[in-house]
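Asker: Sharing a structure here in structure tokens format.
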């Protein structure tokens with residue numbers, strides 16, 4: 001429990017943050033929440049390979065750490081991060097190319113379709129950063145480090161966090177949904193820089209069994 005507690009708490013906070021995002025987007029308009037749900041579903045399909053890649057990374061890196069081969073664990077981490085970012089760049093490009101035809105399958109209003117298209121373009125641009133962040137969280141989990149949640153101010157080490165940005169964009173600036181999503185996604189860039197620094201530093205490697 002001492003080892004897993006930080007991960008459990010982080011996942012709970014992350015889930016609450018995602019729920020708050022949905023509530024904020026729903027308050028913008030009915031078309032906005034419909035567009036967000038559709039775009040999130042398409043993004044989820046595109047993200048499946050990287051979830052599998054993250055699981056594989058956690059297993060292989062954990063095995064290397066358990067065997068005491070810490071140099072190999074660091075090499076594996078670098079390779080997996082590069083693989084996830086490169087693969088997500090190609091996936092994001094493909095998503096941008098097929099976004100309009102795919103949205104044609106849905107019977108939604110022109111406004112909802114335009115909002116969903118804008119969100120998908122934002123997601124396609126940020127997908128590589130998100131995939132890299134997810135991979136670096138898995139790398140940290142393989143060594144029982146604490147992953148940071150993207151949603152709440154207490155979990156954001158630098159700058160504003162996603163929830164305040166979503167509130168600012170929707171209720172103060174009254175921006176369209178895709179601009180609000182872009183504001184929220186901008187936090188991923190900060191997370192990426194911090195996570196990359198941590199992975200490159202090698203400080204995430206932690207032999208949990210010996211520590212216990």
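Residue numbers (this note's numbering): 1 to 212. For each residue, glycine too, the CB sits at the ideal point set by N, CA and C.
(1) Is the stretch 117 to 130 touching the stretch 181 to 200 in the sense that three or more CB pairs, one from each, lie closer than 8 angstroms?
(2) The alpha helix (DSSP H) spanning residue 106 covers which residue range?
(3) If you drop the 5 nearest sequence neighbours on each side, which residues of the same chain put their C-beta closer than 6 angstroms to that of residue 165?
(4) If we count Cβ pairs, one from each stretch, closer than 8 angstroms, do we get three or more for the stretch 102 to 114 versus the stretch 27 to 36?
(5) Pull up the distance between the alpha-carbon of residue 94 and that of residue 168, whole angstroms please.
(6) Could you compute how far the alpha carbon of residue 41 sits from the alpha carbon of residue 193?
(7) Spatial neighbours of residue 27 within its chain, please: CB distance less than 7 angstroms, with the 5 preceding and 5 following residues excluded, ordered by chain position.
(8) Judging by CA-CA distance, which residue of 58, 70, 24 is the nearest neighbour of residue 177?
(9) My guess is that residue 131 and residue 39 are in contact by the Cβ rule of under 8 angstroms, so how many angstroms apart are they, rounded?
(10) I'd like to check one pair, residue 59 with residue 76: are the Cβ atoms closer than 8 angstroms?
(11) Using the Cα positions of residue 97 and residue 88, report the straight-line distance between them to the nearest angstrom.
(12) What is the rounded straight-line gap between the Cα of residue 84 and the Cα of residue 201?
(13) Residue 152 by DSSP, collapsed to three states: which one?
(14) Enumerate in chain order the residues of its own chain whose CB-to-CB distance from residue 78 is below 7 angstroms, with the five nearest sequence positions on each side excluded.
(15) How many angstroms separate the CA atom of residue 199 from the CA atom of residue 19?
(16) What is the rounded straight-line gap between the Cα of residue 195 and the Cα of residue 133?
(17) Do residue 56 and residue 139 count as a contact pair if the criterion is CB distance below 8 angstroms?
(18) Work out the CA separation of residue 92 and residue 86 for me, nearest whole Å.
(19) Ends of the alpha helix (DSSP H) at residue 40?
Answerer: So, from the listed chains and residues:
(1) Enough Cβ pairs lie closer than 8 angstroms, so yes.
(2) Per DSSP, residue 106 belongs to no alpha helix (DSSP H) and is neither H nor E.
(3) 183, 184
(4) With the cut-off at 8 angstroms, the stretch 102 to 114 and the stretch 27 to 36 touch.
(5) 31 angstroms
(6) 27 angstroms
(7) The beta carbon of residue 27 sits closer than 7 angstroms to those of 170, all from its chain and outside the five residues before and after it, given in chain order.
(8) 24
(9) That belief does not hold up - the Cβ atoms of residue 131 and residue 39 are roughly 16 angstroms apart, past 8 angstroms.
(10) Remark: C-beta atoms of residue 76 and residue 59 do not approach each other more closely than 8 angstroms.
(11) Going by the C-alpha atoms only, they are around 14 angstroms apart.
(12) Going by the C-alpha atoms only, they are around 19 angstroms apart.
(13) Bear in mind that a pLDDT of 38 at residue 152, under 50, signals an unreliable position, so the number given afterwards is only what the model happens to contain. In this structure, residue 152 counts as coil in the three-state DSSP scheme.
(14) none
(15) The C-alpha of residue 19 is placed about 29 angstroms away from the C-alpha of residue 199.
(16) Rounded to whole angstroms, residue 195 and residue 133 show a C-alpha spacing of 7 angstroms.
(17) Residue 139 places its beta carbon 8 angstroms or farther from that of residue 56.
(18) 10 angstroms
(19) 30 to 66
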